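In this note's numbering, the protein residues as written are 490 to 706.
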């Protein structure tokens with residue numbers, strides 16, 4: 490029974506994460522396919538550059554919501570059941586982590602748009618807002634301040650993910666926070682950095698698009 494609940498959690502989280510809000514809002518509010526503009530990313534930053542601030546903020550909010558929603562649903566679906574796998578207990582906290590990761594996977598490789606997608610940063614923060622609001626807020630503030638100061642959202646996203654790792658290490662060692670959340674922070678940060686590999690190269694070359702640069706086709 491508990492195995493089935495984990496399977497359902499994985500499927501729902503992926504399908505929810507795969508909803509391409511950036512593509513939808515880009516067509517509704519701008520009448521364009523944003524995957525053909527700027528970075529080609531379907532996330533809020535490219536929508537902001539291409540369609541405008543209101544559209545970009547709306548996409549970011551929706552992507553955050555799907556991350557938070559999937560994590561909250563995981564707790565409801567799995568409930569208080571516990572499954573022992575090789576002596577390791579699989580409970581609702583593990584379900585939350587699995588859901589948070591699958592939302593990112595769905596966003597980055599959406600089955601709805603031929604397994605294309607974004608970088609999963611907003612969905613990543615959404616998952617943290619549901620699991621540990623302090624972590625989501627901490628990483629979000631780092632991302633926002635870095636982006637406003639440097640004008641590079643990609644740099645802010647990477648530093649935000651690394652900042653959350655540092656916070657989770659502290660929470661785990663000092664406040665006995667569930668270690669599964671620390672493990673998730675490491676895996677998710679690795680995924681965020683991997684998805685920004687192209688941005689890292691452009692940052693090194695000095696060719697990365699700044700925050701409010703107008704995206705071109």
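A virtual CB, placed ideally from N, CA and C, is assigned to each residue, including glycine. Note that the structure is a prediction, hence the values are computed from the model and not measured.
Item to check | Segments assigned alpha helix (DSSP H), at least 4 residues, entirely inside the stretch 600–628 | outcome: 610–620
Checklist entry - Going by the beta-carbon positions, is the gap between residue 545 and residue 534 smaller than 8 angstroms? => result yes
Item to check | Which of helix, strand or coil DSSP assigns to residue 530 | outcome: coil
Checklist entry - Once you ignore the five residues that flank residue 636 on each side, which residues in its own chain have a CB closer than 7 angstroms to its CB? => result 642, 645 and 700
Item to check | Cβ-Cβ distance between residue 649 and residue 629 below 8 angstroms | outcome: Yes, they are a contact pair.
Item to check | Range covered by the alpha helix (DSSP H) that runs through residue 550 | outcome: 542–567
Item to check | DSSP-derived helix/strand/coil call for residue 694 | outcome: Three-state result, residue 694: helix.
Next on the checklist: If you reduce the DSSP assignment to three classes, tell me which class residue 700 lands in.
Outcome noted: coil
Next on the checklist: One question on the structure: do residue 502 and residue 583 come within less than 8 angstroms of each other, judged by their Cβ atoms?
Outcome noted: With contacts defined as CB atoms closer than 8 angstroms, residue 502 and residue 583 fail to qualify as a contacting pair.
Checklist entry - Does the beta-carbon distance from residue 553 to residue 609 come in below 8 angstroms? => result no
Item to check | Minimum C-alpha distance to residue 560 - residue among 517, 600, 681 and 673 | outcome: 673
Checklist entry - For residue 588 versus residue 563, is the C-beta distance shorter than 8 angstroms? => result yes
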